[in-house]
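Colleague:
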Amino acid sequence: MKKFSLSLNRTLKIPVIQYGNGTPRIFIISGIHGDEDSGPLVLSLLMDKLNHLKISGTITLIPIANTEAIAIKSRLNPIDNKDLNREFGNLGNKTHTTMIAKLIAEIAMTHNLIIDIHTFPNQISPIVGVLLSEGGQEIREVSEKLLNLFQPEIIWNLDSKKTEIGKAGSICSLAITNNLPAFGIELPPNYFLSGKNIQKFLHGFLNIFAEMGIIPIAKRKITKTEIEHFERQMFRSIAEGYFFPEKNIMSNVQKNDLIGFMLALETNEKIKIFSPFKGILLSVSHPRLIKKGEKVFVVGEKVK
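All residue numbers for the sequence shown refer to the UniProt record's numbering, where the first residue is 1 and numbers rise by one.
#1: Is E226 helix, strand or coil when you go by DSSP?
#2: For F4, count neighbouring Cβ atoms within 10 angstroms of its own Cβ and tell me buried if that reaches 16, exposed if not.
#3: Considering only DSSP beta bridges, list what P121 is partnered with.
#4: Out of L61, H52, K291 and L6, state which residue places its alpha-carbon closest to the alpha-carbon of I114.
#5: For the stretch 125-171, which segments carrying the alpha helix (DSSP H) assignment without a break, of at least 4 residues, lie completely within its bounds, in sequence order?
#6: Tell whether a beta-carbon distance below 9 Å holds between F120 and P216.
#7: Helix, strand or coil: how does DSSP classify G204 here?
#8: Alpha carbon to alpha carbon, how far is F183 from I117? Give it in angstroms, no decimals.
#9: Determine the direct distance from the alpha carbon of G92 to that of residue 313, and round the result to whole angstroms.
#10: Measure the alpha-carbon distance for T97 versus I72 and round it to whole angstroms.
#11: Return the first residue and the last residue of the beta strand (DSSP E) that V42 is part of.
#12: So, with DSSP's three-state summary, where would you put L258?
#13: Per DSSP, residue 311 forms a beta bridge with which residues?
#14: Taking A108 as the reference, give the member of N9, I227 and V16 with the closest Cα.
#15: Between the stretch 133-141 and the stretch 161-176, do at least 3 Cβ pairs fall closer than 8 Å?
#16: What are the start and end residues of the beta strand (DSSP E) that includes T58?
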């Protein structure tokens, strides 16, 4: 194992951990957003496994990419209020966050596969794979094959031009548009990560490493051959209040099904929250105070 840092200036250093050498080369990153805590946690557990494996190739990890945002638990970098997850498409700019993106991109793009780990903040959710619509068909198919081997419970088809406007500019976007396979993984917050979630996550990586010849093929574990694809339909709160979910994730949802209720702060009125969508409940907020405009739940519409 080798440790080093990417340095933007004297004070900003991004820790990098690298296992093995040579090809193939896999790049794994988390901590792009400071309010997402699961990635650094599970990557620390992955490192525990890697310490005991014979590796033929290179595995590069950046567990905490946005150190300044992590320090204050913010989605945006506090220096310029930019979202690092949108700046990999703006590498010609000179903002502070874009310079961080450029540093990370320079090392990431020397690899054969990029995996980006995120968290759904404040949401109870399964392990979700993220497949982008960008790039050519061939590279999308390679990315999908590898994502299937990771064995997420579902796959979110993210189309930044149609259904998810404004979601372009991630490190996976950069990779795929440059003909490099990439996919994302979305996890629940660390306080909702079960032992089963964690083991599934770790086995997913071992499957990928085995497929690419980095570890012995005997380590591969496949339980699902067909993984359903969904597009997101998001419901945001129309009031501020305490939300309490009534429906479990991964359950079927019909239009006008009760998802939960909210105790409105201004009126103390109990408001029933019904779904305007039909599909599968992909994620739902845990009991908490929700502000007006915040995400309450997401229903997936099956596309594959």
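All C-beta atoms in this analysis are idealised placements derived from N, C-alpha and C, irrespective of residue type, glycine included. Keep in mind it's a predicted model, so treat the numbers as computed, not measured.
Modeller: Walking through what the data contain:
#1: Reduced to three states, the DSSP call for E226 is coil.
#2: Label assigned to F4: exposed.
#3: Answer is none; P121 lacks a bridge partner.
#4: Taking only the C-alpha atoms, the option nearest I114 is L61.
#5: Whole alpha helix (DSSP H) segments, 4+ residues: 137-150.
#6: Contact: no.
#7: In this structure, G204 counts as helix in the three-state DSSP scheme.
#8: Rounded to whole angstroms, the gap between the alpha carbons of I117 and F183 is 9 Å.
#9: The chain is shown from 1 up to 304; residue 313 falls before or after that span and cannot be answered.
#10: Separation of T97 and I72 (C-alpha to C-alpha, rounded to the nearest whole angstrom) is 15 Å.
#11: Residue range S38 to L50 is occupied by the alpha helix (DSSP H) that includes V42, with no beta strand (DSSP E) assigned at that position.
#12: Per DSSP, reduced to three states, the secondary structure at L258 is strand.
#13: Here the chain covers residues 1 to 304 and nothing more, so residue 311 does not appear.
#14: Of the candidates N9, I227 and V16, the residue whose Cα lies closest to the Cα of A108 is V16.
#15: Touching, yes, given that three or more Cβ pairs across the two stretches are closer than 8 Å.
#16: If you look at T58, you'll find it in the beta strand (DSSP E) that goes G57 to I62.
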